[in-house]
Amino acid sequence: MSVFDGLRFRKVYSPIHNLDPRIKFIYVIAIFVVAIIFYQIIPLLVLFVMQIPFVLLARVQRQWLRSLRGAAFLAAFIFIINVATTYFTSNYTLTAANIESSAAMTLRFVVLVESFSVFFLTTSPDHLGLALEESRVPYEFAFAFTTAVRFVPVLAEEAQTIMDAQKARGLELEKGGLLRRIRNYVPVLIPLIVSSIRRSLELAEAMESRAWGATKKRTNLYLLKLHKGDYALLTFTTVILVLAVYVRYFSPIVIPAITQFLPL
Amino acid sequence: MIEAQNVRFSYPNKVEALKSVSLTINDGEFVAIMGQNGAGKSTFVKHFNGLLKPSQGTVRVDGVETTKTSVATLARNVGFVFQNPDHQLFSETVEDEISFALKNFGFEQEVIKKRIDWALNLLSLTQYRKTSPFLLSGGERKRVALASVLAWDPQTLILDEPTIGQDHEQKEKLRQFIMQMQTQKKTVVIVTHDVEFVAECNPRVVLMKEGKIVADGVGKEILTDPALLELSSIVLPQIAQLFTKLSPLGFPKDVIDIYEAKEIILKAKESRRQE
Amino acid sequence: MAIIEIKNLTYTYPGATKPSINDVSLKVDKGEFVLITGPSGCGKTSLCRCFNGLVPHFYQGELKGEVTVAGIDTLKHHTYEMAKHVGLVFQNPENQLFALSIEKDVAFGLENNGVNREVMRKKVDWALHQTGIYDLRERSPHEISGGQQQRVAIAAVLAMEPEIIVLDEPTSFLDPLSAAKIFEVIYKLNKESGITVILVEHRLDLTAKYTNHLIVMDEGKICFEGDPRQILSTEETRLMGVGIPKATLLFQMLKKEGFDLSGKTPLSSDELADELLEAFKQ
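Residue numbers (our numbering), protein chains in the order written: chain A, 11 to 274; chain B, 93 to 367; chain C, 188 to 469.
What follows is the structure, given as structure tokens:
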């Protein structure tokens with residue numbers, strides 16, 4: 011099932027992938043904050059362009075562009091709504107400046123979405139699970155996450171097998187109108203659900219048999235150590251954040267709109 | 093009749109699972125397709141009912157090319173029982189489960205009722221007619237899955253790893269069931285790595301390795317050829333293992349049946365006594 | 188010295204009409220290799236789960252009798268305490284592995300017990316070497332074969348260094364070659380490390396030769412217990428539907444027709460071949 015392909019992590023090694031997920035997450039939150047405090051298009055453009063070296067270094071261009079395409083529809087929608095609102099609430103006038111600010115709002119949305127996308131594209135589920143374990147998140151949560159990710163390919167295969175089995179009994183999934191098509195999936199969903207429940211029971215048995223719950227102070231085979239790159243990113247993030255807050259709230263600099271420079 | 097000619101097949105992830113496979117199975121034959129995990133056995137048999145279509149080459153079932161027709165149409169004559177019955181069972185009662193395919197194929201109510209009775213009886217499931225399939229034991233669920241496929245009486249029956257998780261008695265019953273299908277001139281194809289089971293049935297054996305057919309012939313001959321078996325990572329059946337060790341005594345090597353083994357040994361003892 | 192003692196055990200699953208285990212008593216000595224077999228539904232799977240307390244703690248239900256494993260009363264202790272002494276390997280390889288890498292899975296039990304990282308590393312590596320899968324340690328469970336997955340499950344249990352390992356039909360889903368490899372691993376652990384092994388299996392042709400303590404169950408009871416050479420030669424065992432090794436069957440068949448090989452009852456084709464070669468030399 012191609013839907014699940016995107017969730018199947020391809021083992022790519024790049025300097026970005028090796029960065030500590032916790033630091034990457036702090037970076038993403040910083041981008042988030044900066045994107046919110048500015049409403050002019052220039053700083054948002056800077057933010058957007060700042061993602062690109064990360065994407066290229068991590069060699070995830072293709073997937074990143076794909077996620078951009080996904081966000082494009084919603085972005086266009088936001089743009090139109092913004093323009094329309096400005097148009098109707100200012101006595102049917104539309105200036106270049108208005109369009110620019112609508113574009114800025116749209117860009118803010120894109121930056122927010124894309125920064126999270128870059129995070130997930132450059133962090134393996136193992137790494138993410140490990141970060142969750144090492145953070146203050148309760149172990150049950152981190153465990154549920156990694157186990158779920160571990161079984162995604164298994165579930166995908168099982169879903170395919172079940173569909174094949176029922177097709178081999180004459181089930182035609184594509185036949186009929188919408189309602190009929192939804193009903194066609196019942197013989198696929200029920201075995202999948204039942205099988206998942208059975209699997210959970212077997213997993214629980216195995217967990218219990220391997221001392222689940224023995225102590226509250228669980229240890230970890232792996233250790234997430236911060237390296238030079240992580241400290242570099244942390245410093246970079248702090249600088250950006252401080253700079254952004256200063257420019258926005260404490261400096262007399264006024265950020266121009268691009269339209270001021272255009273001969274309109 | 094199933095004809096595969098020069099079939100090549102690659103999965104979407106570019107792995108080539110079948111590398112030019114050709115095979116003909118006539119009506120009424122009993123064929124065991126064997127080989128290591130990953131040899132391509134399941135991939136191959138899924139072409140027989142159109143679940144998979146060849147990337148190159150053709151597969152014809154009763155003269156019709158599988159690429160020119162739907163799975164539902166092919167399934168009418170080629171029944172496929174998957175390894176895990178839990179991948180099929182979803183109904184509230186065993187009766188409903190069996191009627192599922194019959195309804196899909198458009199059988200009439202009257203016929204459906206008769207077929208359900210017949211299938212239940214054939215697999216000794218009549219007392220479970222109104223039971224939920226999820227409440228039955230593993231072996232019983234396997235029988236329900238089988239019954240639901242037999243119900244529409246396909247000419248060909250494909251069983252994917254039917255002996256997994258079965259105890260000795262259940263396997264014996266399965267063997268007898270296949271014999272019964274044979275007497276009704278049904279075509280039976282099993283995909284398995286259970287050498288002992290195949291040795292007891294002695295069907296035509298098709299050995300696969302890495303997407304190719306490496307042997308096709310009489311079970312007895314193939315299952316007693318150590319070179320062939322080693323090539324396809326299959327173990328010799330127990331009786332064949334015994335007779336390989338007994339070659340200094342001049343015994344024939346192609347023995348897989350325990351009764352034949354007994355006769356040979358006793359005859360040899362007699363002839364020695366007479367010397 | 189008995190490492191497992193079960194006295195008059197009767198167990199009924201919640202909501203069941205009759206008990207799955209019916210008045211079973213058994214003793215296992217330290218270092219033994221015990222083989223349990225019997226037709227489907229005979230109670231062997233339920234019995235396995237009694238050894239580490241899954242029955243009755245996980246499954247609830249009604250349990251009567253005494254179960255003492257490694258000196259501990261399973262009724263009065265949590266399963267996680269039992270886990271230090273007895274490891275359980277299940278039938279389905281896929282559903283026992285939950286981590287994203289093999290070595291993390293093997294470390295799971297040790298992590299749960301709060302073992303220090305350096306010590307854990309050593310034990311994990313040891314367990315991986317013992318089961319021959321050290322090279323696979325960074326792979327994910329979905330990438331490896333069923334046979335390899337089962338070896339991971341065994342390593343995961345082994346890492347906790349239990350005195351006893353219980354395996355419930357570990358090769359059900361595996362082909363005969365992989366199955367044989369698993370049995371070799373288990374036998375080696377028993378012989379070299381002295382770990383007590385309890386193996387539930389149908390494939391007696393591959394496993395009977397490892398044991399001198401065979402238990403045959405049916406309908407929740409122990410029907411036969413003792414030397415496999417004696418038990419597998421009886422008519423009753425054959426009629427129960429137990430998968431008797433062909434060599435043993437042939438031996439009996441020849442005896443019935445007057446060809447008494449007079450050696451011990453063979454449990455494998457090799458043993459029978461040796462006896463036949465001897466007999467025909469004269």
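Every residue gets a Cβ at the ideal spot worked out from N, C-alpha and C, and that includes glycine. Predicted, not measured: the structure shown is a model, and the values here were computed from it.
Residues in the region 453-468 of chain C with C-beta within 7 Å of chain B's C-beta atoms, listed in sequence order? Ser456, Asp457, Leu459, Ala460, Leu463, Leu464, Phe467
Under 8 Å, do Gly218 (chain C) and Thr383 (chain C) count as touching if we go by C-beta distance? yes
Classify Arg364 (chain B): buried if its beta carbon has 16 or more other beta carbons within 10 angstroms, exposed otherwise. exposed
Can you grab the Cα-Cα spacing for the pair Asn130 (chain A) / Glu249 (chain C), in whole Å? Reading the sequence as shown, one finds Phe at residue 130 (chain A) and not Asn. Straight-line Cα distance between these residues: approximately 49 Å.
Spatially closest choice to His389 (chain C) from C:Ser227, C:Asn282, C:Met440, C:Asp312, by CA coordinates: C:Ser227
Helix, strand or coil, according to DSSP, for Leu401 (chain C) in the structure here? In the structure shown, Leu401 (chain C) sits in a strand (DSSP, three-state: E or B).
Ala360 (chain B) vs Leu341 (chain B) beta-carbon contact at 8 Å: Yes, the pair counts as a contact, with Cβ atoms nearer than the cut-off.
I need the boundaries of the alpha helix (DSSP H) containing Phe197 (chain B), first residue and last residue. Unbroken run through Phe197 (chain B): none, as it is neither H nor E.
Would you check if the distance between the CB atom of Arg416 (chain C) and the CB atom of Leu454 (chain C) is smaller than 8 Å? yes
Under a Cβ-count criterion, where at least 16 other Cβ atoms within 10 Å of its own Cβ denotes burial, should Gln366 (chain B) be classed as buried or exposed? exposed
Can you give the Cα-Cα distance for Glu298 (chain C) and Leu234 (chain C), rounded to whole angstroms? 28 Å
is_contact[Ala353 (chain B), chain C] using C-beta, thresh 8 Å: yes
Is it true that the CB of Val283 (chain B) sits closer than 8 Å to the CB of Ser134 (chain B)? yes
Where Ile409 (chain C) and Leu183 (chain A) are concerned, what is the direct C-alpha to C-alpha distance, given to the nearest angstrom? 50 Å
Is Gly155 (chain B) buried or exposed, if buried means 16 or more other CB atoms sit within 10 Å of its CB? exposed
Segment contact, 8 Å Cβ cut-off, at least three pairs: the region 229-244 of chain A with the region 33-45 of chain A: yes
Checking contacts by CB at 8 Å: is Val311 (chain C) closer than that to chain A? Interface criterion met: the Cβ of Val311 (chain C) is under 8 Å from a Cβ in chain A.
Is it true that the CB of Ala434 (chain C) sits closer than 8 Å to the CB of Leu459 (chain C)? At a Cβ-Cβ threshold of 8 Å, Leu459 (chain C) and Ala434 (chain C) count as neighbours.
Is there contact here, the region 226-233 of chain B with the region 241-254 of chain B, by at least three beta-carbon pairs under 8 Å? no
Which residue from A:Ile192, A:Lys227, A:Glu168, A:Gly239 puts its Cα closest to that of Val204 (chain A)? A:Glu168
Phe446 (chain C) in three-state terms, based on DSSP: Coil, per DSSP.
Where the alpha helix (DSSP H) through Asn194 (chain A) begins and ends: 188-194
Between which two residues does the alpha helix (DSSP H) holding Tyr241 (chain A) run? 238-255
By Cβ distance, which residues of its chain are closer than 6 Å to Arg258 (chain A), with the 5 residues on each side in sequence left out? Ile47
Please check the pair Gln337 (chain C) and Leu361 (chain C), which I expect to be a contact at CB under 8 Å, by giving their CB distance rounded to whole angstroms. By a beta-carbon distance limit of 8 Å, Gln337 (chain C) contacts Leu361 (chain C). Their separation comes to about 7 Å.
If the criterion is Cβ atoms closer than 8 Å, does the pair Glu313 (chain B) and Asp286 (chain B) meet it? no
May I ask you to verify whether the region 160-171 of chain B touches the region 121-129 of chain B, counting CB pairs closer than 8 Å and requiring at least 3? no
Do the region 363-372 of chain C and the region 202-210 of chain C meet, that is, are 3 or more Cβ pairs less than 8 Å apart? no
For my contact list, Leu213 (chain A) and Asn239 (chain C) are in at a C-beta cut-off of 8 Å; report their separation, rounded to the angstrom. Actually they do not touch by this definition, with Cβ atoms about 16 Å apart.
Please classify Thr105 (chain A): does DSSP put it in a helix, a strand, or coil? Reduced to three states, the DSSP call for Thr105 (chain A) is coil.
For Ser359 (chain C), report the span of its beta strand (DSSP E) as first-last. It is not in any beta strand (DSSP E) - Ser359 (chain C) carries neither H nor E in the DSSP assignment.
Does the region 184-193 of chain B come within contact of the region 300-309 of chain B, defined as at least 3 CB pairs closer than 8 Å? no
Cutoff 8 Å: Lys291 (chain C) Cβ touching any chain A Cβ: Closer than 8 Å: yes.
Among the residues of its own chain, which have a CB less than 8 Å from the CB of Ile268 (chain A), if the five just before and after it don't count? Ile51, Ile52, Glu110
Proximal residues to Ala353 (chain B) (C-beta, below 6 Å), its chain only, five neighbours per side dropped: Ile331, Val347
Is there at least one Cβ from chain A nearer than 8 Å to His179 (chain B)'s Cβ? yes
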